[in-house]
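Chains A and B are the protein sequences, given in the same order. So for the first sequence, the working numbering puts the first residue at 30; every next one is plus one. So for the second sequence, the working numbering puts the first residue at 6; every next one is plus one. Backbone N, C-alpha and C define an ideal beta-carbon position, used for all residues, glycine too. Please read all numbers here as calculations on a predicted model, not as lab measurements.
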Amino acid sequence: MATTTTSVPSAGPVAGSRSFLAKLREGDEIARLITFLFAASVVLLTLLLVFELWLGSTLPRHKFGFNFFRTSVWDPIFDQFGALPFIYGTLVTAGVALILAVPLGIGAAIFLAELAPTRLSDTLEFFIDLLAAVPSVIYGLLGVFIVVPLMRGYIQPGLKSTLGFLSLFKGPAYGVGFLTAGIVLAIMVIPYIISVSREVLLSVPRDQREAALSLGSTRWESTWQVVVPFARAGIMGSIFLALARALGETMAVTMVIGNTPTISASLFSPGYSIAAVIANEFTEATGDLYLQSLIELGLVLFLLTFVLNGAARLLIVATSQRGSGMGNT
Amino acid sequence: MSARLRWRKFVSNFMLTMTGVCALVAVAVLFFILGYLVYHGGASISWNFFTKLPAPVGETGGGMANAIIGSAKLLLFASLIGVPIGFFGAIYLAEFSGSTTAFVVRYAADLLNGVPSIVIGIFAYSLVVLPFKHFSTLAGGFALGLMMIPITLRSTEEFLRSVPNALREAAMALGASKWKTIATVIVPAAYRGILTAVLLAFARVAGETAPLLFTAFGNRFWSPGWNQPTASLPVMIFTYAIAPYEDWHRQAWAAGLVLLGLILVINIVARGILSRGISVPRS
């Protein structure tokens, strides 16, 4: 390995080997080796995780193949495992969550980045960060004891009487179900959308705003037609990030989704998600095929979040660089 | 003022007010959560909660002493895994590595950070529970420690990098070797940030439930040593909240209040430690 940039290159023809020995004596090479081992262990653990998921799901991958994703019978007694209801539940709840969380999150981010004075913005951001730190089981607790009764008593009957002609809002109001899980998820992912979008909006160069204002646009027009489009990719990134969180979220969903593998057009219907079925059935899974089917579900979840997180990171980095590349640090 | 302009100004004011409302709603959620937990949990918290074992199913009373100790042990073991790997890994990234290695390590860390916690649980299950053939504090601690690594690593690296190069050069110009420079100049200069990073990682995993479900499992009694299934606060909240007993719900609220209080206090302390001028890098 080359010497690092900050060290002074020593003169002489045998500088390389001598400096290596000197470094060894001074402990530099040992320190490098030790810290390298720790850094390498991060990579190893990550690779091991992927490997274990892949290896752990061999049986169902061979037995069911692609049918695993297409069939909806989940019957441990007859060793039939189809993941469709879980995939459906995961996607629907995450979709509901995004529909609710994205406008609210972006609105709040615009307020924090464009309108609020720095002091206020930082204070609110501090609270948002605390909100992001609330563990999911707490959201589940509040979901079970507050959101579910509220849904059963007021919101679902209300929706039914006003929008009941849509098949989305049909069926008995159990309280638990897709809609409830989606609402709880929305509350959980809003802080992520706000934090990242605010950051991205703040990186938009000042001249963009000033140019729009000097051309006679109102404050809102400069924000909505100039600043937000400039930061569009980064905001998309924050949404992807939130989606990845929503898909992988376990406890809160498990507690309010109803835990019944159903595919139903109605959002009132109880359902099941990938993470919830793993949480509920993993310790009870008897037989290798059962357990490995659950691990394959874990693999699916891993791949989904892997792709989404990767895309999110690219988008966010691209926007921040675009902002800083134009003379605004 | 033309009607058109008046309309545009009205739209502008209206929409900007709405963004304010959005921000208000988002922040209000935090206070709503806090208020509800204090209201419900505060009423049911008692000395017994901290000192007694859970009462037998069906009886009222009892506490969660075993879960509190269990959580403490899990978090201790998690820190023993997460902090050294994160800290020394970050030193390697910030001070020693070439750009390719750094990219690979960072990529792996970001990947690990994005893995859903339930999948981390599966990993810990197949790596620790299966070979030992039973649930244990070690397995749960391993799962939590794994989740601490990327948070500690990425923020520590950020803080190490924010130490000005002039400090490194000054130390080396005085003849200090590289590791001496790191140990006596760079790490002390960045210690506030590093402490913050560690505390935030700790707070993040303190409330994790999903990875504990099938690693630490649960236990209604004390869990001696490190090789037995153990109770933990988050899993207790989950079990008690979905159980049909009124008294268990009461205790779930109390446990929720204790857990959230702990996490928020750590978060506030961590952010307070940072001197002004350095912002917390996002994990």
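Quiz item: In terms of alpha-carbon separation, which member of 57/B, 75/B, 88/B lies closest to residue 67/A?
Solution: 88/B
Exercise. Give a yes or no on whether 8 Å exceeds the smallest Cβ distance from residue 241/A to chain B.
Key: no
Quiz prompt | Residue environment, residue 258/A, which counts as buried when at least 16 other CB atoms sit within 10 Å | solution = exposed
Exercise. Could you work out which residue in 266/B, 168/B, 40/B, 253/B is closest to residue 62/B when comparing CA atoms only?
Key: 253/B
Practice problem: Evaluate residue 183/A with the Cβ neighbour count: other Cβ atoms within 10 Å of its Cβ, from every protein chain shown; 16 or more gives buried, anything less gives exposed. | Solution: exposed
Quiz prompt | Completely contained beta strand (DSSP E) runs for the segment 109 to 147 of chain A, where each covers 3 or more residues | solution = none
Self-check item: Test: residue 272/B CB closer than 8 Å to a CB of chain A
Solution: yes
Practice problem: Select from the segment 61 to 88 of chain A all residues with a C-beta closer than 9 Å to any C-beta belonging to chain B, and list them in chain order. | Solution: 61, 63, 64, 65, 66, 67, 68, 69, 70, 71, 72, 73, 74, 75, 76, 77, 78, 79, 81, 82, 84, 85
Quiz item: Who are the neighbours of residue 57/A on chain B, taking C-beta pairs under 8 Å?
Solution: 182, 183, 184
Quiz item: Taking residue 131/A as the reference, which of 295/A, 220/A, 234/A has the closest Cα?
Solution: 220/A
Quiz item: Within the 8 Å Cβ cut-off, does residue 137/A reach chain B?
Solution: yes
Quiz prompt | Residue environment, residue 153/A, which counts as buried when at least 16 other CB atoms sit within 10 Å | solution = buried
Practice problem: Hey, could you find the ends of the alpha helix (DSSP H) residue 117/B is sitting in? | Solution: 104 to 119
Quiz item: Using the beta-carbon of each residue, which ones in chain B are nearer than 9 Å to residue 169/A?
Solution: 214, 242, 243, 246, 247
Quiz item: Just how far apart, CA to CA, sit residue 126/B and residue 167/A?
Solution: 19 Å
Exercise. Can you tell me which of 37/B, 91/B, 27/B puts its alpha carbon nearest to the alpha carbon of residue 201/B?
Key: 91/B
Quiz item: Whose C-beta lies closer than 6 Å to the C-beta of residue 72/B among residues of the same chain, with five residues either side of it excluded?
Solution: 236, 237, 238, 241
Quiz prompt | Sub-8 Å separation of residue 363/A and residue 297/A beta-carbons | solution = With chain A covering only 30 through 358, there is no way to say anything about residue 363/A.
Quiz prompt | chain B contact for residue 10/A (CB, 8 Å cutoff) | solution = Given that chain A is displayed from residue 30 to residue 358, the structure contains no residue 10/A and the question cannot be resolved.
Exercise. Report the residues of the segment 147 to 179 of chain B with a CB closer than 9 Å to any CB of chain A, ordered along the chain.
Key: 151, 154, 155, 158, 170, 173, 174, 177, 178
Practice problem: Might you give, ordered along the chain, the residues of its own chain that have their beta carbon closer than 7 Å to the beta carbon of residue 187/B, omitting 5 neighbours on each side? | Solution: 96, 100
Quiz item: Could you give the distance in angstroms between the alpha-carbon of residue 300/A and the alpha-carbon of residue 133/A?
Solution: 26 Å
Quiz item: With 8 Å set as the bound, which would you pick, yes or no: does the beta-carbon of residue 96/A sit closer than that to a beta-carbon of chain B?
Solution: no
Quiz item: With 16 other CB atoms within 10 Å as the buried threshold, where does residue 226/B fall?
Solution: exposed
Quiz item: Given that a residue counts as buried once 16 or more other Cβ atoms are within 10 Å of its Cβ, and exposed if not, what is residue 338/A?
Solution: buried
Quiz item: Can you find a CB in chain A that lies within less than 8 Å of the CB of residue 283/B?
Solution: No answer about residue 283/B holds up, because its pLDDT of 48 lies below 50 and its placement is not dependable.
Practice problem: Anything in the segment 112 to 132 of chain B with a Cβ closer than 7 Å to a Cβ of chain A? List those residues in chain order, please. | Solution: 113, 114, 115, 116, 117, 119, 120, 121, 122, 123, 124, 127, 128, 131, 132
Quiz item: Start and end of the alpha helix (DSSP H) containing residue 289/A?
Solution: It is not in any alpha helix (DSSP H) - residue 289/A carries neither H nor E in the DSSP assignment.
Quiz prompt | Per-residue DSSP class, three states only, for residue 198/B | solution = helix
Exercise. For residue 114/B, count neighbouring Cβ atoms within 10 angstroms of its own Cβ and tell me buried if that reaches 16, exposed if not.
Key: buried
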